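K.L.:
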Amino acid sequence: MEWYRYSEKTGEYLHPVSLNKDPLNPGKYYPLENAVPDEPLPEKEGFKSVWSNGLWVYKEDHRGKTAYNKTDKSKLEIKELGSIPDTHTDQQPEEFDEWNDTKSGWIRNKKKEREHLYAVERAWAMQELVISRDCLLIDFPISKEGQAAILDYRAKLRNPQREEHPKYPDKSWRPQWPEGVKRPAT
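Counting in UniProt numbering, the sequence shown runs from 1 upward without gaps.
Here's what the structure looks like:
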């Protein structure tokens, strides 16, 4: 006689088992713990058949997957049977995404993304200003034309011509180091 074993901890179906006959009671079998005669539900993608309150039910199975907190985007490795907590989603966010309950999905926060890009470009420009400052020192080997080119380069760094670069702050606005001027060691 075949019964169906389930996990004592999770209730999920494990495998079929054969019952041993009771030699003292013909036609009777030894009962097994965590096994039932009822056949489990058919396999279903993303679910496990679970013995619960005297019957087989489907329970979501996300084990081994990652869920993301809708507030802070922190990762949660799913280790137990059941649905993903309401505070999490299986949708992976990108850097500037924020959770939108109405759309049940991540929405890019373009303002935060743009602020970040501005900060990156300002930091790059400041670094270039520091490097190019050395070209203006009295003992730096540079021609008058080279000095003029460096002054022009520094002016562009301080005040990017946004009308010439409508996609600012993308990297396309970055002025090129003046040709023929040696870049100081950093």
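Each residue gets a CB set at the ideal place from its N, CA and C atoms; glycine is no exception. Keep in mind that this is a model prediction, so the values were computed, not measured.
What's the call for Lys153, buried or exposed, on a 16-neighbour Cβ count within 10 Å?
P.N.:
Looking at the sequence provided, one finds Tyr at residue 153 rather than Lys. Result: buried.
K.L.:
Would the beta-carbon of Trp173 fall within 8 Å of that of Pro184?
P.N.:
The answer is no: Cβ separation not under 8 Å.
K.L.:
Is the beta carbon of Glu128 sitting closer than 8 Å to the one on Leu157?
P.N.:
For Glu128 and Leu157, yes; Cβs fall inside 8 Å.
K.L.:
Do you know offhand how far Lys103's Cα is from Leu117's?
P.N.:
Cα to Cα, the separation comes out at about 26 Å.
K.L.:
Taking the straight line between their C-alpha atoms, what separation do you get for Asp101 and Pro85?
P.N.:
Their backbone Cα atoms lie some 14 Å apart in a straight line.
K.L.:
What's the C-alpha gap between Ile150 and Asp134?
P.N.:
Going from the Cα of Ile150 to the Cα of Asp134 covers about 10 Å.
K.L.:
Per DSSP, what kind of secondary structure is Ile138 in: helix, strand or coil?
P.N.:
Reduced to three states, the DSSP call for Ile138 is coil.
K.L.:
In its own chain, which residues sit with a C-beta less than 6 Å from the C-beta of Lys28, not counting the 5 before and 5 after it?
P.N.:
Result list for Lys28: Asp22, in chain order.
K.L.:
Take Pro175 as the anchor and find which of Ile138, Trp124, Thr186, Asn109 has the nearest alpha-carbon.
P.N.:
Nearest C-alpha to Pro175: Trp124.
K.L.:
What residue range does the beta strand (DSSP E) around Ala148 cover?
P.N.:
Taken as a continuous stretch (DSSP letters only), Ala148 belongs to no beta strand (DSSP E), being part of the alpha helix (DSSP H) at 144 to 158.
K.L.:
From Ile107 to Glu12, what distance separates their C-alpha atoms?
P.N.:
Computed Cα separation, rounded: 37 Å.
K.L.:
I'd like the span of the alpha helix (DSSP H) that includes Val181, first residue to last.
P.N.:
Taken as a continuous stretch (DSSP letters only), Val181 belongs to no alpha helix (DSSP H), as it is neither H nor E.
K.L.:
For my contact list, Lys48 and Asp38 are in at a C-beta cut-off of 8 Å; report their separation, rounded to the angstrom.
P.N.:
Not quite, the Cβ-Cβ distance comes to about 16 Å (not below 8 Å), so this is no contact.
K.L.:
Can you tell me whether Lys48 is helix, strand or coil according to DSSP?
P.N.:
It is a strand residue.
K.L.:
Identify the continuous beta strand (DSSP E) that holds Ser18 and give its terminal residues.
P.N.:
Ser18 -> beta strand (DSSP E) spans 13 to 18.
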